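The next block holds one structure in the form of structure tokens; read it before the comments.
There are 2 protein chains.
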Amino acid sequence: MLYAEKHYTVRAHIIKAIAHPVRLFFVEKLAHQEYCVRELTEMVGFDISTVSKHLRVLKHAGIVVDDKRGNQVFYQLRTPCILNFLGCIEGVINSETSTTTCAC
Amino acid sequence: MLYAEKHYTVRAHIIKAIAHPVRLFFVEKLAHQEYCVRELTEMVGFDISTVSKHLRVLKHAGIVVDDKRGNQVFYQLRTPCILNFLGCIEGVINSETSTTTCAC
DNA sequence: CATCTGTTTGGCAATATAGCCAAGCAGATT
DNA sequence: AATCTGCTTGGCTATATTGCCAAACAGATG
Numbered sequence: 000m001l002y003a004e005k006h007y008t009v010r011a012h013i014i015k016a017i018a019h020p021v022r023l024f025f026v027e028k029l030a031h032q033e034y035c036v037r038e039l040t041e042m043v044g045f046d047i048s049t050v051s052k053h054l055r056v057l058k059h060a061g062i063v064v065d066d067k068r069g070n071q072v073f074y075q076l077r078t079p080c081i082l083n084f085l086g087c088i089e090g091v092i093n094s095e096t097s098t099t100t101c102a103c
Numbered sequence: 000m001l002y003a004e005k006h007y008t009v010r011a012h013i014i015k016a017i018a019h020p021v022r023l024f025f026v027e028k029l030a031h032q033e034y035c036v037r038e039l040t041e042m043v044g045f046d047i048s049t050v051s052k053h054l055r056v057l058k059h060a061g062i063v064v065d066d067k068r069g070n071q072v073f074y075q076l077r078t079p080c081i082l083n084f085l086g087c088i089e090g091v092i093n094s095e096t097s098t099t100t101c102a103c
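Chain order of the listed sequences is A and B. Per numbering that gives the first Met the number 0: the first sequence ends with 103, consecutive numbering throughout. Per numbering that gives the first Met the number 0: the second sequence ends with 103, consecutive numbering throughout.
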């Protein structure tokens, strides 16, 4: 058996963190500038507790960092290279033929 | 609200397809050569029905293609750029400081 | 200190996911 | 046709995820 489960579990955990519409949106927003929880909440229209939990998932995965200033918590993308990955997803969406190559 | 839910749902669906240890392993294996279901099953040690369902998830997401030859079904990576994405995940794992840049 | 804003946490219900087994289907082979 | 191998599908249980509400907590401000 060639399958090193732990190796792939670690990586899958990180990928899973961005495998949700709201969290994916946050990753893109937080790539350009930092936002506090309330601002992000207004953007997506979910309950603030839901947003807080999504941000915790991203933080735990090492994708974003938080910075508490006053009574606000600002989140920011920690690993900008995640964006390149997202370009790759566009390739999957746009490719029509089999075994297509894409921009990234 | 700036959040275009459908746009992100489509992309999250694709990412979710590779956000599982076994499927991530398959993506890497199938990038180098095609394998049939039985071969992949032997590699991971799960029930063949479980493996078949994982492959269906990858296929539905447009990440792999299948090719039936005789009574075997061969799977192959359809969008090799997915591999670049995985390099990015290594960056997340290895980065210690905040807002790190990585290779990709 | 009381209160207001901003955030997190706990708990719950609804839904989705992952694994196995059993059964079904499709080509091969005899 | 019977059977064998290879794969998929259906069904089930266990677990994980996602959303909300309510409550708790932390700084700010009055």
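All C-beta atoms, glycine included, are put in the ideal place defined by N, C-alpha and C. Fair warning: this is a prediction, and the values are worked out from it, not measured in the lab.
Using C-beta distances below 6 angstroms, list every residue in its chain close to residue i, excluding the 5 sequence neighbours before and after it, in chain order.
| i | result |
| --- | --- |
| Leu82 (chain A) | Ala30 |
| Asn70 (chain A) | none |
| Cys13 (chain B) | One detail in the question is off: residue 13 (chain B) reads as Ile in this sequence, not Cys. Around Ile13 (chain B): Ala60. |
| Leu54 (chain B) | Tyr74 |
| Glu129 (chain A) | Past the edges of chain A, shown from 0 to 103, lies residue 129 (chain A), and the structure says nothing about it. |
Within a Cβ cutoff of 7 angstroms, which residues of the same chain sit near residue i, ignoring the five residues on either side of it in sequence?
| i | result |
| --- | --- |
| Thr40 (chain B) | Ile47 and Val50 |
| Phe24 (chain B) | Val43 |
My assumption, with CB atoms under 8 angstroms, is that residue i sits in contact with residue j. Please give the rounded CB distance.
| i | j | result |
| --- | --- | --- |
| Lys15 (chain A) | Ala18 (chain B) | 4 angstroms |
| Ile62 (chain A) | Val26 (chain A) | 7 angstroms |
Are residue i and residue j closer than 8 angstroms when you measure CB to CB?
| i | j | result |
| --- | --- | --- |
| Val72 (chain B) | Val43 (chain B) | no |
| Val106 (chain A) | Ile92 (chain B) | Residue 106 (chain A) lies beyond the residue range present for chain A, which begins at 0 and ends at 103; the question has no answer from this structure. |
Taking 7 angstroms as the cut-off, is the CB of residue i close to at least one heavy atom of the ligand FAD?
| i | result |
| --- | --- |
| Ala11 (chain B) | No copy of the ligand FAD occurs in the structure displayed, which carries no ligand at all. |
Quick one: which chain B residues come within Cβ less than 7 angstroms of residue i?
| i | result |
| --- | --- |
| Ser48 (chain A) | Within 7 angstroms Cβ-Cβ: nothing; Ser48 (chain A) doesn't reach chain B, min ~17 angstroms. |
Residues of chain B with CB under 8 angstroms from residue i, in chain order?
| i | result |
| --- | --- |
| Gly61 (chain A) | Val91, Ile92 and Ser94 |
| Val9 (chain A) | Ile92 |
I'd like the list of long-range same chain contacts for residue i, defined as Cβ closer than 8 angstroms, with 5 residues on each side in sequence excluded.
| i | result |
| --- | --- |
| Lys58 (chain A) | Val64, Asp65 and Tyr74 |
| Lys28 (chain A) | Tyr34, Leu39 and Met42 |
| Meets three-Cβ-pair contact criterion under 8 angstroms: the stretch 64 to 84 of chain B and the stretch 82 to 93 of chain A | yes
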